[in-house]
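Asks: Chains as they are written, first to last, in our numbering: chain A, 98 to 314; chain B, 98 to 314; chain C, 98 to 314; chain D, 98 to 314.
For glycine and all other residues, C-beta sits at the position ideal for the given N, C-alpha and C.
Source: prediction; values computed, not measured.
Number of protein chains: 4
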Amino acid sequence: MSGDDIYRRQRFGQKTGFGQFPALLVVDFVNGFHDPEVLGGGNIPDAVMATLPLLEFARNRAIPVIFTRIVYAPDGSDASLWCQKVPRLQDLTEEAPESQIVATLAPRPGEIVIRKTQASAFFGTHLAACLVAKKIDTLIVTGCTTSGCVRATVVDAMSLNYRTIVASDCVGDRALDPHRANLFDMGQKYSDLMRGAEIIAALDRRIAETVDSTEMA
Amino acid sequence: MSGDDIYRRQRFGQKTGFGQFPALLVVDFVNGFHDPEVLGGGNIPDAVMATLPLLEFARNRAIPVIFTRIVYAPDGSDASLWCQKVPRLQDLTEEAPESQIVATLAPRPGEIVIRKTQASAFFGTHLAACLVAKKIDTLIVTGCTTSGCVRATVVDAMSLNYRTIVASDCVGDRALDPHRANLFDMGQKYSDLMRGAEIIAALDRRIAETVDSTEMA
Amino acid sequence: MSGDDIYRRQRFGQKTGFGQFPALLVVDFVNGFHDPEVLGGGNIPDAVMATLPLLEFARNRAIPVIFTRIVYAPDGSDASLWCQKVPRLQDLTEEAPESQIVATLAPRPGEIVIRKTQASAFFGTHLAACLVAKKIDTLIVTGCTTSGCVRATVVDAMSLNYRTIVASDCVGDRALDPHRANLFDMGQKYSDLMRGAEIIAALDRRIAETVDSTEMA
Amino acid sequence: MSGDDIYRRQRFGQKTGFGQFPALLVVDFVNGFHDPEVLGGGNIPDAVMATLPLLEFARNRAIPVIFTRIVYAPDGSDASLWCQKVPRLQDLTEEAPESQIVATLAPRPGEIVIRKTQASAFFGTHLAACLVAKKIDTLIVTGCTTSGCVRATVVDAMSLNYRTIVASDCVGDRALDPHRANLFDMGQKYSDLMRGAEIIAALDRRIAETVDSTEMA
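1) Suppose you measure from the CA of F115 of chain A to the CA of L290 of chain C; what does that come to, to the nearest Å?
2) Just to make sure I have the definition right: I need the residues of chain A whose C-beta is within less than 8 Å of the C-beta of P206 of chain D. Which are they?
3) Measure from the C-beta of L178 of chain C to each C-beta in chain B and report whether the shortest distance is under 8 Å.
4) Name, in chain order, the residues that DSSP records as bridge partners for F164 of chain B.
5) Establish whether the CB of S256 of chain A and some CB of chain C are separated by less than 8 Å.
6) Under 8 Å, do T239 of chain B and C267 of chain B count as touching if we go by C-beta distance?
7) Leaving out the 5 sequence neighbours to the left and right, which residues in its chain are closer than 6 Å to P161 of chain A when beta-carbon positions are compared?
8) Less than 8 Å separating the beta-carbons of A264 of chain D and C246 of chain D?
9) Are the region 195-213 of chain B and the region 197-209 of chain C in contact at 8 Å, needing three or more beta carbon pairs?
10) Three-state secondary structure (DSSP) at D101 of chain B?
11) Do E191 of chain C and F164 of chain C have their C-beta atoms within less than 8 Å of each other?
12) Should the region 280-300 of chain B be regarded as contacting the region 294-304 of chain A, the criterion being three or more beta carbon pairs within less than 8 Å?
13) Of the residues C:P204, C:T113, C:G110, which one's Cα is nearest the Cα of L149 of chain C?
14) Tell me the rounded alpha-carbon separation between L257 of chain D and E306 of chain A.
15) Would you tell me roughly how many angstroms separate the C-alpha atoms of I103 of chain A and P133 of chain B, rounded to the nearest one?
16) Closer than 8 Å, CB to CB, is Y259 of chain A near chain C or not?
17) If I141 of chain D sits next to G269 of chain D, beta carbons under 8 Å apart, how far is it from one beta carbon to the other, in whole angstroms?
18) Compare the C-alpha of I233 of chain C against each of C:S288, C:L136, C:F118 and name the closest.
19) From this set, B:I237, B:V168, B:G139, B:L189, which residue's C-alpha is nearest L273 of chain B's C-alpha?
20) Give me the subset of the region 213-233 of chain A whose CB atoms are less than 9 Å from a CB atom of chain D, sorted by chain position.
21) Start and end of the alpha helix (DSSP H) containing C246 of chain A?
22) Would E295 of chain B pass as an interface residue toward chain D - the criterion being a Cβ-Cβ separation below 8 Å?
23) With respect to the beta strand (DSSP E) encompassing A272 of chain B, which residues constitute its N-terminal and C-terminal limits?
24) Assign D80 of chain B to one of three DSSP states: helix, strand, or coil.
25) So which of B:I167, B:L178, B:S177 has the shortest CA-CA distance to V210 of chain B?
26) With 16 as the cutoff for other CB atoms within 10 Å, does P275 of chain C come out buried or exposed?
27) Does any residue of chain A have a CB that is nearer than 8 Å to the CB of I325 of chain D?
28) In whole angstroms, what separates the C-alpha of Q187 of chain B from that of G173 of chain B?
29) Checking the sheet assignment: what are the DSSP bridge partners for L290 of chain B?
30) Please classify V238 of chain D: does DSSP put it in a helix, a strand, or coil?
31) What are the residues in the region 272-284 of chain B lying within 8 Å of chain A by C-beta distance?
32) Closest to A170 of chain B by CA distance: which of C:A176, C:M255, C:C227 is it?
33) Could you tell me which of B:F130, B:D101, B:N157 sits nearest to S244 of chain B, measuring between CA atoms?
34) Among B:R108, B:F154, B:G137, which has the Cα closest to the Cα of R302 of chain B?
35) Run through chain B and tell me which residues come within less than 8 Å of F154 of chain A, C-beta to C-beta.
36) Run through DSSP, which three-state label would T222 of chain B get?
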């Protein structure tokens with residue numbers, strides 16, 4: 098029996114859908130994860146490009162946008178075990194070019210930028226508190242890498258009962274096999290998978306419906 | 098360039114090794130994750146069998162053993178979004194046969210059993226506090242599923258700077274492709290991978306060395 | 098300059114008010130914290146009585162009710178440092194009479210009961226996830242002790258950006274000086290303070306307004 | 098019965114003592130919490146002075162030193178509910194003079210500085226992970242305010258099973274009543290209380306003993 102069959106038979110992969118208040122989460126789209134000579138490569142540049150319309154849509158519709166970056170202290174004081182496992186992470190400091198968000202997606206004033214030291218955007222950060230403050234119940238997730246920080250973030254979002262939609266063409270990885278394997282895992286267990294354009298269409302429909310029902314009232 | 102090549106070139110997959118104070122963590126080896134008719138199957142029964150000598154070794158050497166189980170309230174009061182994604186999780190209640198640890202690995206008095214509602218053994222539990230209390234710095238991880246609760250637990254352990262050794266033949270999954278893909282991800286990014294017998298040999302050697310140096314002193 | 102003066106001058110103690118979706122949190126009103134021969138006494142019995150109308154109100158208006166209890170494993174496996182500091186905490190096990198919620202406030206099926214091992218209802222529990230699942234943005238807090246588990250819970254609730262209203266006559270402590278000092282701290286820094294009857298009146302008004310605006314629409 | 102009596106009779110206030118690996122935690126000794134015109138005053142300047150010898154001792158003996166600061170984004174993007182309760186917190190941004198650690202205690206390269214947005218040094222930070230990385234089991238706590246960030250940090254440290262010694266003359270508050278009330282609460286429930294000089298003497302003795310036993314071996 099193939100993997101798909103047993104997952105279907107055990108009823109994995111149900112849809113959880115959208116809640117009422119989405120935010121767009123852009124995970125670790127920084128220069129160092131874009132560049133194949135540092136920690137990037139693969140389909141990450143494509144995922145950055147595919148994120149552009151989603152980001153523009155969110156900004157136009159006042160959907161909160163939250164970015165994440167990995168930032169370690171330049172003096173090595175908070176170096177983690179993860180930096181032993183993956184030594185180049187240590188280069189991602191506040192001022193290093195590698196840790197700056199790619200220019201095409203640069204955050205605007207008022208958009209939250211979460212600094213983190215680990216894979217998950219929730220670990221050791223105030224992201225959970227920010228989501229409560231903004232009454233968010235749904236995370237649209239883009240970023241990289243699919244098998245690293247995106248996956249870890251999505252697992253934590255599900256653990257906290259946030260509905261999560263992974264924008265499948267807006268997440269990328271340095272190698273395609275882990276990318277695909279992690280999309281499978283997330284789709285079966287932790288999030289819905291939709292392409293960026295589908296997400297835009299779905300949100301557009303929901304906003305239109307809300308406006309309609311308000312006008313009719 | 099294949100996935101392996103780019104991971105090697107970017108210097109992923111360094112070894113983090115053992116610390117001084119290991120604990121054995123047995124993740125979710127419960128009847129419901131053993132049985133292919135519920136949430137189990139695949140190589141999980143083999144992983145249970147392979148865990149037996151590791152568990153016996155830990156008990157003989159006074160290495161702390163910690164078990165985890167998923168437990169939801171029988172009245173549905175704490176049902177999570179995860180139970181929408183994977184409906185059968187809801188059946189794992191305190192008294193349900195599906196949520197009991199498999200008989201061959203039954204916990205003994207004094208061994209910690211962590212009840213959890215999410216994938217990671219750290220999420221919403223006092224596992225981190227228990228590790229501090231016991232001065233643990235290294236987790237030997239067995240259990241299931243490789244692509245679910247084992248992976249989520251290992252990511253959180255790394256995030257907390259615990260050295261993690263995944264016992265590669267003592268973790269199992271309902272389907273082999275996700276099992277292998279998640280072993281790859283964990284080995285590259287979050288933990289060392291060793292077979293159970295190698296872990297026993299390595300710990301044996303370390304204990305022998307400690308005894309030697311004490312006797313010589 | 099007295100404490101009050103400097104707090105006022107530095108602009109502490111602003112009101113944060115109610116959000117839209119309150120829950121009633123009943124912290125550790127268990128037999129052992131009621132009984133002065135165990136860990137209780139002082140004005141805790143009065144606070145239990147004062148909580149009754151608030152609990153009844155919440156149940157009538159379908160405001161979610163969440164209880165907490167301290168529960169340690171009977172075999173001592175998860176005993177904490179806190180049990181060294183306060184040895185009698187160790188007696189609060191799943192089946193012990195001391196750790197049962199007082200009969201007059203007994204939880205009903207469907208009401209969440211959070212088991213915890215530390216002061217804060219958030220520490221090592223899935224309370225934060227439950228609040229997200231139920232879209233709660235405001236916690237009405239009753240329970241005991243004011244200077245212990247209530248205070249710790251309120252600090253964490255504020256940290257997570259939940260609006261918190263401490264029902265000042267529905268929280269109690271074994272001694273009155275710490276009770277009063279902690280009400281002061283919470284009122285200045287972490288929560289609004291209102292009497293139970295005022296909270297009922299305020300919620301009643303809000304519900305009436307909501308119904309009105311719906312009917313008018 | 099006075100508060101003290103019932104706490105004694107219920108066996109609160111046991112000593113938890115030192116572990117093997119202490120760190121010195123300096124909580125929020127920043128200009129804004131020093132200055133009575135901002136958020137400081139009271140005995141905070143005295144507590145800063147009393148911390149100097151403890152800090153020098155820690156540095157001489159290679160005891161890790163960890164500082165904390167409150168830092169909010171200057172664009173208001175991560176403003177919290179706490180900033181509504183205490184509006185001046187919002188002024189504590191990365192570059193603001195109010196949020197810089199007081200010059201006499203300035204951190205040296207290699208000393209961890211934890212940025213936080215809430216009272217507890219553990220909330221939304223990687224402090225817990227840093228303690229694991231450095232194998233710390235004991236926190237010596239200085240800083241301000243006793244009734245705010247010190248108290249919240251000490252409760253979380255206890256919850257994580259870290260032994261905590263509050264240096265009673267090295268913590269301060271804008272008003273003395275809350276200072277004293279919170280020392281009482283912490284001493285009864287969450288930490289040992291010792292004066293800075295006593296802590297130095299105790300650690301000196303422990304280090305001497307360790308050297309002795311090593312030399313004799």
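Replies: Quick answer:
1) 36 Å
2) D172, S174
3) yes
4) B:V123, B:V210
5) yes
6) yes
7) A120, K231
8) no
9) no
10) helix
11) no
12) no
13) C:P204
14) 47 Å
15) 8 Å
16) yes
17) 4 Å
18) C:F118
19) B:G139
20) K213, T214, Q215, F220, G221, T222, H223, L224, A225, A226, C227, V229, A230
21) Taken as a continuous stretch (DSSP letters only), C246 of chain A belongs to no alpha helix (DSSP H), as it is neither H nor E.
22) no
23) Where A272 of chain B is concerned, there is no enclosing beta strand (DSSP E), given that its DSSP letter is neither H nor E.
24) Any property of residue 80 of chain B remains undetermined from this structure, which presents chain B solely from 98 to 314.
25) B:I167
26) buried
27) With chain D represented from 98 up to 314, any question about residue 325 of chain D goes unanswered, as that position is not in the structure.
28) 8 Å
29) B:V263
30) strand
31) A272, L273, D274, P275, A278, N279, F281, D282
32) C:C227
33) B:F130
34) B:F154
35) Within chain B, no residue comes near F154 of chain A; the closest Cβ sits about 25 Å away, beyond 8 Å.
36) coil
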